[in-house]
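*Asks:*
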Amino acid sequence: MVNEDSRTTIIDGLIFPEGLRWRDDELWFCDIEEHEVITADAAGTVRGRLEFPGEYPIGLAWLPDGKLVVGGRFERLLTARDGEIRVLHDIEVDGVTDSWSNDTVVDATGRIYVSSFGKAYDLVDHESNVQKLKGAGRIVLVDRDGSTRTVAGGLSMPNTMQITPDGETLICCDSFAHRVVKYGIEPDGSLGPEELFAQFNDMTDGSTLDRDGGLWVALPHVKQARRVLDGGEVTDVIEFEDDVFDVALGGPDGTTLFASTSNLAATTPPADGSKRARPGRIIRIEVDVPAA
115 MVNEDSRTTI IDGLIFPEGL RWRDDELWFC DIEEHEVITA DAAGTVRGRL EFPGEYPIGL
175 AWLPDGKLVV GGRFERLLTA RDGEIRVLHD IEVDGVTDSW SNDTVVDATG RIYVSSFGKA
235 YDLVDHESNV QKLKGAGRIV LVDRDGSTRT VAGGLSMPNT MQITPDGETL ICCDSFAHRV
295 VKYGIEPDGS LGPEELFAQF NDMTDGSTLD RDGGLWVALP HVKQARRVLD GGEVTDVIEF
355 EDDVFDVALG GPDGTTLFAS TSNLAATTPP ADGSKRARPG RIIRIEVDVP AA
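Be aware that the sequence shown starts at 115, since it is given in the working numbering, and climbs by one per residue.
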């Protein structure tokens, strides 16, 4: 169940908010085209900003020691400490060096999974990406010793990933294929055969897993977030005014669904040099089932 009366915009004035995470009583997210990572409390009071000049930060995760991992363009994994940006890993697998990373997730042992486009991403001609990236996407494992290998391939645009609380399954949104897939996680971090979690009729983007195994999935082109069960049953739908790119469960009780929305067409920098529109927002809505 969704409590629509609880819907509140808690942060506005953003460009392209993405990568929502709830950690240590704070909401973390990226404003990608502002090259920054922002932290805020559940009410939307901004507590901090980390600048990533020249990067497009998107995937946020944490190692077991608490170190922040941020996915950057060209498959760099970055970290921030005392205001200084450092490169954790420059990923090169199978000779691919110009690919863009999309999301990151870390397992309980400190292994990092990176969803990768597999080829260069065109920031201007988005339509060309659909065909160019088809089948090129992959999931890369960065092991604890820094070694890297491809553990899943043949994806169209692998996006947000979730690891189930038991550590046995990795769930991934495959955006341009309009689906969510899952893989069993082997003891060495390898992924088993691909299985279908849910098929949609439009692009899938961000996701968040709840305690009952339901997955909230953002579908930007239809301006919805849908809660889906393994097998494809949709139990809840939330409508938004603008494209919704990511969702994350959090808040004091784990029952707050945070959603990032924007109208990217309106954010194109004006040719006359006037001020760029900032329609991006973070919206919170209360739901019944808490975060996993």
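C-beta: ideal position from N, C-alpha, C; glycine also.
#1: Inspect the beta-carbon positions of His149 and Pro131 and report whether they are closer than 8 angstroms.
#2: Which residue wins for smallest C-alpha separation from Leu128, given the options Arg121, Arg163 and Met115?
#3: Which residues does DSSP list as the beta-bridge partners of Arg135?
#4: Decide if Ala222 is buried, meaning its Cβ has at least 16 other Cβ atoms within 10 Å, or exposed.
#5: Exposed or buried, what is Arg293 when buried is set at 16 or more other beta-carbons lying within 10 Å of its beta-carbon?
#6: May I have the straight-line CA-CA distance separating Pro393 from Ala380, to the nearest angstrom?
#7: Which whole-angstrom value describes the C-beta separation of Asn117 and Ile399, a residue pair presumed to lie in contact below a C-beta threshold of 8 angstroms?
#8: For the stretch 338 to 352 against the stretch 153 to 163, do three or more pairs of beta-carbon atoms, one drawn from each stretch, fall closer than 8 angstroms, so that the two count as touching?
#9: Closer than 7 angstroms by C-beta to Arg121: which residues in its own chain qualify, once you throw out the five before and the five after it? Chain order, please.
#10: Per the contact definition of three or more C-beta pairs closer than 8 angstroms, is the stretch 276 to 295 in contact with the stretch 372 to 386?
#11: Quick check: what's the CA-CA separation for Gly260 versus His203?
#12: Could you give the DSSP three-state label for Ser230: helix, strand or coil?
#13: Under the rule that 16 or more other beta-carbon atoms within 10 Å means buried, what is Ser304, buried or exposed?
#14: Can you tell me the Cα-Cα spacing of Pro301 and Asp119, whole angstroms?
#15: Let's see if you can read the secondary structure: which residues bound the beta strand (DSSP E) around Tyr297?
#16: Provide the residue span of the beta strand (DSSP E) that contains Leu378, from first to last.
#17: Which stretch, first to last residue, makes up the beta strand (DSSP E) that contains Thr322?
#18: Going by Cα to Cα distance, which pick from Asp288, Val228 and Asp280 is closest to Arg263?
#19: Here's the rule: buried if 16 or more other CB atoms are within 10 angstroms of the residue's CB, otherwise exposed. What is Arg161?
#20: Taking 7 angstroms as the limit between beta carbons, can you name the residues of its chain near Val238, skipping five residues before and five after?
#21: Can you tell me which residues form a DSSP beta bridge with Ser215?
*Replies:* If we stick to the structure as given:
#1: For the purposes of this step, residue 149 is identified with residue 35 of the sequence shown, where counting begins at 1. For the purposes of this step, residue 131 is identified with residue 17 of the sequence shown, where counting begins at 1. Cβ atoms of His149 and Pro131: not closer than 8 angstroms.
#2: The count along the sequence shown starts at 1 and reaches residue 128 at position 14. Nearest option by C-alpha distance: Arg163.
#3: Stepping through the sequence shown from its first residue, residue 135 is reached at position 21. DSSP output for Arg135 lists Trp142 as bridge partner(s).
#4: Here residue 222 refers to the residue found at position 108 of the sequence shown. That one is exposed.
#5: Counting from one through the sequence shown, the residue named residue 293 turns up at place 179. Arg293 should be labelled buried.
#6: Numbered from 1 along the sequence shown, position 279 holds the residue referred to as residue 393. Numbered from 1 along the sequence shown, position 266 holds the residue referred to as residue 380. The straight-line gap from Cα to Cα measures roughly 8 angstroms.
#7: Looking up residue 117 in the sequence shown gives position 3. Looking up residue 399 in the sequence shown gives position 285. Right, their Cβ atoms sit about 7 angstroms apart.
#8: By the Cβ rule, the stretch 338 to 352 does not count as touching the stretch 153 to 163, because fewer than three pairs are nearer than 8 angstroms.
#9: Taking the sequence shown and counting its residues from 1, the one referred to as residue 121 is at position 7. Only Ile397 and Ile399 meet the Cβ criterion.
#10: Fewer than three beta-carbon pairs drawn from the stretch 372 to 386 and the stretch 276 to 295 are found closer than 8 angstroms, and the two stretches are therefore not classed as touching.
#11: The sequence position of residue 260 within the sequence shown is 146, counting from 1. The sequence position of residue 203 within the sequence shown is 89, counting from 1. Here the C-alpha atom of Gly260 lies approximately 7 angstroms from the C-alpha atom of His203.
#12: On the sequence shown, residue 230 is found 116 positions in, with the first residue counted as 1. It is a strand residue.
#13: Locating residue 304 in the sequence shown gives position 190, counting from the first residue. So Ser304 counts as exposed.
#14: Translated into positions along the sequence shown, residue 301 becomes position 187. Translated into positions along the sequence shown, residue 119 becomes position 5. Computed Cα separation, rounded: 45 angstroms.
#15: The count along the sequence shown starts at 1 and reaches residue 297 at position 183. Judged by DSSP secondary structure, Tyr297 falls within the beta strand (DSSP E) whose first and last residues are Arg293 to Gly298.
#16: For the purposes of this step, residue 378 is identified with residue 264 of the sequence shown, where counting begins at 1. Unbroken run through Leu378: none, as it is neither H nor E.
#17: Sequence index remark: in the sequence shown, residue 322 carries index 208 (1-based). Counting along the chain, the beta strand (DSSP E) containing Thr322 begins and ends at Ser321 to Leu323.
#18: Taking the first residue of the sequence shown as 1, we reach residue 263 at position 149. Measuring from the Cα of Arg263, the nearest candidate turns out to be Val228.
#19: For the purposes of this step, residue 161 is taken as the residue at position 47 of the sequence shown. Exposed is the call here.
#20: Position 124 of the sequence shown, counted from the first residue, corresponds to residue 238. The predicted model places Val238 with a pLDDT of 48, which falls under 50 and marks its position as unreliable, so this point remains unresolved.
#21: The sequence position of residue 215 within the sequence shown is 101, counting from 1. DSSP lists Ser230 as partners of Ser215.
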